[in-house]
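Residue numbers (the working numbering): -18 to 287.
In what follows, a structure is listed as structure tokens, so that the remarks can point back to it.
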Amino acid sequence: MTTTTTSWTAANSRKLARQERRRRLGPLGVLTHLALVIWTLLVMIPILWTFLASVKSEDEIFGDAWSLPATLRWDNFARAWEQASIGQYMLNSVIVVSFSTFGTMLVGAMAAYVLARYPFRGNRAVYLLFVSGLAFPVYLALTPLFFVVQNMGRLPLIGPFIGLNTHAGLVLVYIAYSMPFTVFFLSAFFRTLPTAVGEAAMVDGASHTRVFFQIMLPMAKPGIISITIFNILGQWNQYQLPLVLLQDRTKWVLPMGIADISTAAGYDQDWSALFAALTLAILPMLVVYTIFQRQIQSGLTSGALK
């Protein structure tokens, strides 16, 4: 009798909780949740289909779209990794994105901190100059950017390392194009941090550099992690910039390799390897986002809550 009463009470409590949630949400909340569900399906269905197609044969891919494969064809990944050189392209992407993300976060965090915490003449103008970069389409700069990087390659000593067909040159371009959003995001975050701790450290004799690296930067960890993940995702998926700056096939990054497989598939019909390559490109970013999901959400909301 006691067990039945307890079960009925728990069920009734859950029912009342659902009714209370519906009452609080209202019509607008229901529509918002419905839109989120639709958006989730629109994003997840193509990804799931790509994963499924990566272990199918070509006949199965062009047959029933959602049928399970008769056998898991892992050789699709072997062909994409070895014959299509996806392994080399992925290594190139890892190298470029690692250095460019580190450079973006180092320079962007320092610039954002100065603009947020040190008033000086022209502060607002410099900040607006950074923010204006968010409205500048990358397509408009491809031609002049090509000649700028080409001229950089003519510099003495360092030119051969930062010119066209070099990963270092691509890293510098990635840093430049990631700076506007990084400075815009982090400057707003640094403004929310308390000043008392930094002022106390400076009274104790700490330099501005030490205050930034040992006090302010750790305090801004949620925002730093959030913008780092966004930069990694954006630079990992970048296609236009490396397409213009890298003509040497051995220097290509992952999106260029996948595009090459897609072009070749029109003639060779190796669609299985194409979907395997897409899966290899998606999985690392999916794992990174899954691991740091809580930190990203914390970084996006902490600035608004302080």
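Beta carbons are placed, not taken as given, at the ideal position from N, Cα and C, and that holds for glycine.
Since this is a predicted model, take the numbers as computed values, not measurements.
| Through-space distance from Thr85 to Gly134, alpha-carbon basis | 21 Å
| query | Among Lys202, Leu23, Ile139, Ala34, which residue has its Cα nearest to the Cα of Arg275? | reply | Lys202
| task | Assuming Ile156 contacts Ser81 (C-beta within less than 8 Å), just tell me the rounded distance between them. | result | 6 Å
| message | How far does the alpha helix (DSSP H) with Trp62 in it extend, from its first residue to its last? | response | Per DSSP, Trp62 belongs to no alpha helix (DSSP H) and is neither H nor E.
| query | Between Ile196 and Ala93, what straight-line distance do the alpha-carbon atoms span, to the nearest angstrom? | reply | 15 Å
| query | Looking at the structure shown, is Phe194 part of a helix, part of a strand, or coil, going by DSSP? | reply | helix
| message | Using 7 Å as the threshold, is the C-beta distance between Thr163 and Gly89 below it? | response | yes
| For Tyr120 and Asp241, the rounded distance between their alpha carbons | 21 Å
| Same chain, Cβ closer than 8 Å to Ser113, neighbours up to 5 away in sequence not counted | Pro161
| Inter-residue CB distance, Ala97 and Ser168 (contact presumed, cutoff 8 Å) | 4 Å
| Between Tyr270 and the rest of its own chain, which residues show a CB-CB distance below 6 Å, the 5 nearest in sequence each way excluded? | none
| query | Would the region 252 to 259 and the region 36 to 43 be scored as touching if the rule is three or more Cβ pairs under 8 Å? | reply | yes
| query | By Cβ distance, which residues of its chain are closer than 7 Å to Glu63, with the 5 residues on each side in sequence left out? | reply | none
| What do you reckon, are the CB atoms on Val234 and Val77 nearer than 7 Å? | yes
| Are the CB atoms of Ala257 and Ala61 nearer to each other than 7 Å? | yes
| So, using beta-carbon positions, are Leu222 and Val154 closer together than 7 Å? | yes
| task | Thinking Asn219 and Pro236 are a contact (beta carbons under 8 Å), I'd like their distance in whole angstroms, please. | result | As written in the sequence, residue 219 is Gln, which differs from the Asn given in the question. That belief holds up - the Cβ atoms of Gln219 and Pro236 are roughly 7 Å apart, short of 8 Å.
| message | Determine whether the beta carbon atoms of Glu41 and Pro27 lie at a separation below 7 Å. | response | no
| For Ala149, which of Gln131, Leu214, Asn104 has the nearest alpha-carbon? | Gln131
| field | Sub-7 Å separation of Phe170 and Gly215 beta-carbons | value | no
| task | Return the Cβ separation of Phe273 and Ile210 in integer angstroms, given the expectation that the two are a contact with Cβ distance under 8 Å. | result | 5 Å
| task | Measure how close the beta-carbons of Leu126 and Val225 come, nearest whole angstrom, since I'm counting them as under 8 Å. | result | 7 Å
| task | Pick helix, strand or coil for Leu121, following the three-state DSSP scheme. | result | helix
| Can the beta-carbon of Val192 be found less than 7 Å from the beta-carbon of Ala181? | no
| query | So what does DSSP say about Asp185, is it helix, strand or coil? | reply | coil
| query | Thinking just about the alpha-carbon of each residue, which of Trp47, Tyr158, Ser48 is nearest to the one in Leu123? | reply | Tyr158
| query | Applying the criterion that 16 or more other CB atoms from any shown protein chain within 10 Å of the CB defines a buried residue, is Ile19 buried or exposed? | reply | exposed
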